[in-house]
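Line order of the protein sequences matches chains A and B. All residue numbers for the first sequence refer to the working numbering, where the first residue is 601 and numbers rise by one. All residue numbers for the second sequence refer to the working numbering, where the first residue is 79 and numbers rise by one. The C-beta atom is built at its ideal place from N, Cα and C for all residues, glycine as well. On a predicted model such as this, the values are computed, not experimentally measured, just so you know.
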Amino acid sequence: MINTASLTTTPRVTITGAVKKFGDTVVLNGVDLQVRSGEVCVLIGPSGAGKSTLLRCINGLERLTAGTVDIDGARLEYREKNLNHMREHVGMVFQSFNLFPHLTALENITMAQTRVSKRSKADARERGMSLLDRVGLASKADSYPSALSGGQQQRVAIARALAMTPKLMLFDEPTSALDPELVGEVLQVMRELADEGMTMVVVTHEMRFARQVADRVVLLADGGIAEEGPPEKLLDNPQSERARSFLSQIRSDD
Amino acid sequence: MEFWNALITSWPTLVKGLTVTLSLTALTLIFSVVLGAIIVALKMSKVRVLAAFATAYLAVVRGVPLIALLFVIYFGIVSIVKVDAFAAAVIGLSVHSSAYVAEIFRSGINSVPNGQIEASRSLGMSRIATMSKVVAPQALRVVVPALVNQAIISLKDSAVASFITVDELFMSAQRLSAATFQPLTYYAIVSLYYLAIVGVMTYLSGRVERYFEKRG
Chain A
601 MINTASLTTT PRVTITGAVK KFGDTVVLNG VDLQVRSGEV CVLIGPSGAG
651 KSTLLRCING LERLTAGTVD IDGARLEYRE KNLNHMREHV GMVFQSFNLF
701 PHLTALENIT MAQTRVSKRS KADARERGMS LLDRVGLASK ADSYPSALSG
751 GQQQRVAIAR ALAMTPKLML FDEPTSALDP ELVGEVLQVM RELADEGMTM
801 VVVTHEMRFA RQVADRVVLL ADGGIAEEGP PEKLLDNPQS ERARSFLSQI
851 RSDD
Chain B
79 MEFWNALITS WPTLVKGLTV TLSLTALTLI FSVVLGAIIV ALKMSKVRVL
129 AAFATAYLAV VRGVPLIALL FVIYFGIVSI VKVDAFAAAV IGLSVHSSAY
179 VAEIFRSGIN SVPNGQIEAS RSLGMSRIAT MSKVVAPQAL RVVVPALVNQ
229 AIISLKDSAV ASFITVDELF MSAQRLSAAT FQPLTYYAIV SLYYLAIVGV
279 MTYLSGRVER YFEKRG
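Structure (structure tokens):
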């Protein structure tokens with residue numbers, strides 16, 4: 601029998617002493633975080649706490665001022681070749697989707713496959729269609745992003761990231777730009793992904809999603825981790841004052 | 079009546095000049111696009127010396143009147159190697175236009191939201207692939223209409239080549255006017271020629287813009 605316990609404790613991402621400054625502003629102030637393989641880690645916290653910055657430091661879209669990031673034991677370096685190689689296996693989904701507007705839904709998904717993963721056009725198309733089917737948009741393969749709803753665009757964006765066969769998926773507030781009635785379809789796709797064992801780091805304000813899907817919730821505040829733990833513990837019985845005040849604030853917003 | 083006569087009889091002479099003007103404009107457009115692309119690449123380069131060179135180039139070219147640039151190039155080159163006036167005019171017009179083309183390219187590139195670049199890079203696409211597959215196609219909708227406009231400007235600017243003895247459209251009109259002592263007639267006629275070509279180019283630019291609008 602395979603020892604699944606040891607598999608799931610392999611660190612996929614290890615962040616050590618992450619410091620990020622923009623000019624004089626300190627956004628991250630020495631964050632340590634490990635994400636295990638297969639884990640769904642949800643980052644919450646007040647705006648300006650550094651959630652998105654931390655996420656963007658994982659795939660090098662932001663450069664750390666100090667500290668290190670390791671992905672599967674490989675140190676993140678900022679040389680072009682290293683970055684491209686690492687990013688090939690780390691998918692990212694953005695708040696504003698960022699689909700390529702001059703390409704159809706299917707072309708959005710096939711471009712990097714043929715350019716980066718060197719798959720043949722036919723293979724890329726086949727994989728693209730199966731991913732579109734998986735996010736429920738096979739019928740929209742030839743539509744341009746401008747003809748899709750926000751929720752559909754975000755599902756295509758998820759398929760685009762998945763096309764690279766990532767071992768880690770980063771989600772930067774994937775539902776924040778969506779109309780309320782479109783949030784569910786995107787969360788559903790993410791939920792299925794989590795069920796299949798994808799390692800995910802998710803910045804979100806969707807507390808229901810955090811509660812249902814996360815293995816661990818990390819509350820960032822003032823550039824550091826205020827509290828972390830399993831969702832039911834952190835969300836229902838927070839230990840720190842910072843977590844209590846943040847959670848009571850978002851509850852009163854509901 | 080006299081005007082119509084002049085319009086018809088001047089046709090063979092002016093058409094000859096017109097072909098020179100059109101080839102001057104076409105060559106200027108081609109070379110200034112190449113030069114402009116090089117300049118914008120240097121300008122955006124992370125190597126400081128190259129970026130500084132591009133900045134200086136833009137400052138000089140934009141700061142000097144076209145006619146001065148043309149004279150400096152014409153007499154400067156002629157003192158070293160023998161080139162004909164036409165070649166000097168192509169060089170001068172291209173260098174002049176390249177500064178504006180570089181700015182057109184730069185504003186086109188800047189018109190593409192940063193999120194597009196981040197999305198492409200996060201897929202593992204290299205900087206060059208991102209530029210050619212994501213940024214450039216989207217920049218085109220800004221760049222192409224502006225380039226057509228720049229071509230119109232180059233067409234009219236090419237009249238300055240007559241100062242260095244290039245036998246283009248304006249020079250042909252000058253000759254006719256000097257021979258007949260009817261400057262008003264022939265400068266009016268040559269203006270109609272320019273107007274007609276610019277009209278065609280404006281129409282094309284409208285077509286191009288509509289094409290991009292349709293592609294959304």
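is_contact[residue i, chain A] using C-beta, thresh 9 Å
| i | result |
| --- | --- |
| B/ALA197 | yes |
| B/PRO223 | no |
| B/PRO143 | no |
| B/PRO191 | yes |
Within chain B, partners of residue i - CB distance below 9 Å
| i | result |
| --- | --- |
| A/PHE700 | GLN194, ALA197, SER198, LYS211, VAL212, PRO215 and GLN216 |
| A/MET692 | GLU196, ALA197, SER200 and LEU201 |
| A/ARG687 | ARG199, SER200, LEU201, GLY202 and MET203 |
| A/MET764 | LEU201 and GLY202 |
Partners in chain A for residue i, counting only beta-carbon separations shorter than 7 Å
| i | result |
| --- | --- |
| B/ALA207 | ARG715 |
| B/MET203 | ALA712, ARG715 and VAL716 |
Min CB distance residue i to chain B below 9 Å
| i | result |
| --- | --- |
| A/GLU827 | no |
| A/ARG719 | no |
| A/ALA757 | yes |
| A/ASN682 | no |
| A/THR604 | Residue placement at A/THR604 cannot be trusted, given a pLDDT of 49 that sits under 50; the coordinates are not used to answer. |
| A/ARG761 | Checking the sequence shown, residue 761 of chain A turns out to be Ala, not Arg. Answer yes: the Cβ-Cβ gap between A/ALA761 and chain B drops below 9 Å somewhere. |
| A/ASP854 | Low local confidence applies: a pLDDT of 49 at A/ASP854 is under 50, so the model's placement there is unreliable, and no value is given. |
With 16 other Cβ atoms within 10 Å as the buried cut-off, status of residue i
| i | result |
| --- | --- |
| B/GLU291 | exposed |
| A/ASN603 | Any reading at A/ASN603 needs caution, since the residue's pLDDT is 45, under 50, leaving its predicted position unreliable; the model's value is listed next. Looking at its Cβ environment, which holds fewer than 16 other Cβ atoms inside 10 Å, A/ASN603 is exposed. |
| B/PRO261 | exposed |
| A/SER720 | exposed |
| B/LYS124 | exposed |
| B/PRO278 | For clarity, residue 278 of chain B is Val in the given sequence; the question names Pro instead. Exposed, because fewer than 16 other Cβ atoms sit within 10 Å of the Cβ of B/VAL278. |
| A/LEU607 | Note that A/LEU607 scores 49 on pLDDT, short of 50, meaning its location in the model is unreliable and no value can be drawn from it. |
| B/LEU282 | exposed |
| A/LYS718 | exposed |
| B/VAL138 | exposed |
| B/TYR289 | exposed |
| A/GLN812 | exposed |
| A/LEU703 | buried |
Check whether residue i and residue j have beta carbons under 9 Å apart
| i | j | result |
| --- | --- | --- |
| A/VAL690 | A/LEU768 | yes |
| B/SER175 | B/LEU270 | no |
| A/ILE658 | A/LEU737 | no |
| B/THR103 | B/LEU233 | yes |
| A/ILE850 | A/ASP632 | no |
| A/ALA757 | A/LEU706 | no |
| B/ILE242 | B/ALA129 | no |
| A/PHE697 | A/ALA763 | no |
| B/ALA177 | B/TYR135 | yes |
| B/GLY95 | B/ALA251 | yes |
| B/LEU148 | B/GLY114 | no |
| A/GLY645 | A/VAL627 | no |
| A/SER746 | A/PRO701 | yes |
| A/LYS740 | A/LEU732 | yes |
| A/SER636 | A/THR804 | The residue you asked about is not Ser; residue 636 of chain A is Arg in the sequence shown. No. |
| A/ALA722 | A/ILE709 | no |
| A/ALA712 | A/VAL735 | no |
| B/ARG184 | B/VAL118 | yes |
| A/LYS681 | A/THR653 | no |
| A/ILE615 | A/GLY667 | yes |
| A/GLU688 | A/VAL716 | yes |
| A/ARG816 | A/PRO831 | yes |
Chain D within 9 Å of residue i, Cβ atoms only
| i | result |
| --- | --- |
| A/SER696 | Looking for chain D here will not work: the only protein chains present are A and B. |
Amino acids of chain B, ordered along the chain, whose beta-carbon sits closer than 8 Å to that of residue i
| i | result |
| --- | --- |
| A/LEU661 | GLU196, ARG199 and SER200 |
For this session: Can you check the region 624-662 of chain A for any beta strand (DSSP E) of at least 3 residues that lies completely inside it and give the ranges in chain order?
Result: 625-636 and 640-644
Exercise. Along the chain, which unbroken stretches of the alpha helix (DSSP H) at least 4 residues long are found entirely within the region 688-750 of chain A?
Worked result: Taken in chain order, the complete alpha helix (DSSP H) segments of 4 residues or longer contained in the region 688-750 of chain A are 705-715 and 721-734.
Exercise. Where are the alpha helix (DSSP H) runs, 4 residues long or more, that stay fully inside the region 762-820 of chain A, in chain order?
Worked result: 780-795 and 807-813
Problem set entry | Completely contained alpha helix (DSSP H) runs for the region 209-279 of chain B, where each covers 4 or more residues | 214-235 and 247-258
For this session: Just list the alpha helix (DSSP H) runs in the region 156-216 of chain B, keeping only unbroken ones of 4 residues or longer that don't cross its boundaries, in chain order.
Result: Correct list: 163-188, 192-200 and 205-208.
Exercise. In chain order, which alpha helix (DSSP H) runs of at least 4 residues are fully inside the region 816-849 of chain A?
Worked result: 831-836
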